[in-house]
Amino acid sequence: MAKLREDHVTIAREMLARQVPIRRIAAQLGVDESTVRYRLARPTEAPDGRRDRPCLLDGWTERLTALQTRFGDAPCPASVLHALLVREYGFAGSYQAVRRYLRREQPAPVQAIRRVETPPGVQAQHDWFEFDAEVAGVRQRCYGLIGTLAHSRATFVWVSPTMTQLAWQTGHLALFQRYGGVPLWVRIDNLKTAVAAGAGPTAVLTPAFQIFARTCGFSVDPCRPARGSDKGKVERQVRTDRTAFADLLVTSWLALDALQAALDSRALELHARRRCPATGTPVADALVAERPLLQPVPAVHEPFDCVVARRVTRDGLVSFEGRRYSVPFRWVTRQVEVRGTAQHVVVLAAGREIARHPRHTARRLVLESAHYDGPSTPTVRAPTPLGRRARLQLAGLPAPATVVRPLTAYVALVAEACR
């Protein structure tokens, strides 16, 4: 469970003085509600006396030392030590009592953490956080995608009402536009929208996000499970910017766009005030220096939440989400890529778009007649052209009335010819 630092406790006390509910304070600080209540109820100057409480193993130091020496330099597990104490000395305490005693008397070595500073333009770290916001008079759960450039420490927040695959990709594009480019690497958590299986170096990305990353030109670097230090810069920013943006997140807004504009404005203010540890300059200046080293943002890219490979049937159709869509006949029997965007089904082949249809339509067969027109190719012969009757039927027109000459007209023609 997350802990509260002293500065967060001070902020919580100030918010409580302004009659902000405990539940909202906990949500803004990213901790459990019980944690806030405990820290607010405890006197500021009161020390924690739990460490000085008596233990069942007080006075058993010689016996514990004798048992541990049997294992030489190898550490003796607490479970083995507890079993030996019970068997040889009739110890009546629990296994947890042994663990608490060992942590107090024989603390484990501190694990050092390697500090790494990446070069400019190389890495960004992205992560979601949740908050409750009042939008258009309605209280709703919102999500913020926070992104930090690892070198300059430039941080931006993009807000969304959902955490879907479309929101995930749209948020990345929004952050790239605010950065002024695309970094070579993006470090993320093992989210379901990004990671289909595994975690960390062995993670298997979802097809949609893998293609998105390849299109934008960045590589994905998922963190190891339960290792917050792997993306410590953005983890710290989630906690820090919850405080920096706290007043904006609890304000009532007419629309999310207004909240987004306020967050962008606040980010620029923070960049002008904060300093980049790697350069010693303001974050705003470090961002300006880093932007030329970023890759250009894709000029045109449409986020998609589903991507599959399909083979075109002989009647020029591909199947997707229980429906069939037409494509130009020249792609018959060849494999194409089908993407599902927010409003369209886009079919791509040879690196370009070859067909586009409305998505989630009530129709189960979506056709475009122009896909069956055109000349043959060396590998595919064009479909038989439509005849006159077929064209009339597709246009919804009846057959034209047949012109029949009366018999007297034929008699007159014959008589005229015999003269």
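Take 1 as the starting number for the sequence shown in this note's numbering and just add one per residue.
Ideal Cβ placement from N, Cα and C applies to all residues, glycine included.
Only a predicted model underlies this, so the values are computations on that prediction, with no experimental measurement involved.
C-alpha distance - residue i paired with residue j, whole-angstrom precision
i	j	result
GLY259	ARG339	First, the residue type needs correcting, since residue 259 is Leu and not Gly in the sequence shown. Taking the straight line from one Cα to the other gives about 31 Å.
THR155	HIS172	13 Å
VAL234	CYS306	Because VAL234 carries a pLDDT of 48, less than 50, the predicted location of this residue cannot be relied on, and the following value inherits that uncertainty. If you take the alpha carbons of VAL234 and CYS306, they lie about 28 Å apart.
GLU302	ARG42	52 Å
ALA246	LEU84	53 Å
SER376	LEU386	15 Å
VAL86	ASP58	16 Å
THR313	GLN343	24 Å
THR164	THR148	21 Å
VAL195	ARG389	54 Å
ARG323	PRO358	11 Å
PRO161	CYS142	5 Å
PRO75	GLY121	45 Å
VAL332	PHE304	24 Å
ARG53	LEU287	52 Å
LYS192	LEU166	13 Å
PRO183	ALA289	14 Å
ARG391	THR341	33 Å
ALA415	GLY396	43 Å
Strand pairing of residue i, partner residues [DSSP]
i	result
PRO358	HIS344
PRO282	ARG275
SER252	GLU134
LEU317	SER326
SER219	TRP185
CYS306	GLY340
ARG352	ALA349
VAL312	Answer is none; VAL312 lacks a bridge partner.
Cβ distance (whole Å) where residue i is taken to contact residue j below 8 Å
i	j	result
ARG310	SER319	6 Å
ALA355	PRO328	7 Å
ALA349	GLU368	Going by Cβ atoms, the distance from ALA349 to GLU368 rounds to 15 Å, so no, they are not a contact pair.
LEU263	VAL159	7 Å
VAL346	GLU353	6 Å
ALA278	HIS151	6 Å
PHE131	ALA27	6 Å
PRO298	THR170	So it is not a contact: roughly 13 Å between Cβ atoms.
LEU256	VAL135	6 Å
Terminal residues of the alpha helix (DSSP H) in which residue i lies
i	result
SER34	33 to 41
ALA412	407 to 418
VAL86	78 to 89
MET163	Counting along the chain, MET163 falls outside any alpha helix (DSSP H), and DSSP gives it neither H nor E.
VAL98	95 to 105
HIS8	6 to 17
LEU29	22 to 29
GLU62	61 to 69
Opening and closing residue of the beta strand (DSSP E) in which residue i lies
i	result
THR155	155 to 160
THR148	138 to 149
PRO398	PRO398 -> no beta strand (DSSP E), and no H or E assigned at all.
HIS126	123 to 135
ILE188	185 to 188
ALA196	195 to 197
Beta-carbon proximity list for residue i, same chain, < 8 Å, skipping 5 on both sides
i	result
MET1	For MET1, the pLDDT reaches just 48, beneath the cut-off of 50, and the residue's location in the model is therefore unreliable, leaving the point undetermined.
ALA213	VAL186, LEU205, SER219 and VAL220
LEU81	LEU64, LEU67, GLN68, VAL98 and LEU102
GLN210	VAL220
VAL20	VAL250
LYS3	VAL31 and THR35
Close Cβ partners of residue i (< 6 Å) along its chain, the five nearest in sequence each way excluded
i	result
HIS8	LEU29
ARG153	CYS276 and VAL283
TYR325	VAL318, VAL345, HIS357 and VAL366
ARG178	PHE156
GLY280	none
Contacts around residue i, its chain only, beta-carbon distance under 7 Å, and the 5 residues preceding and following it disregarded
i	result
LEU40	ALA12, ARG13 and LEU16
GLY200	PRO222, CYS223, ARG224 and PRO225
ARG100	CYS55
Min CB distance residue i to chain B below 7 Å
i	result
HIS360	Within the model displayed, chain B is absent; a lone protein chain is all it includes.
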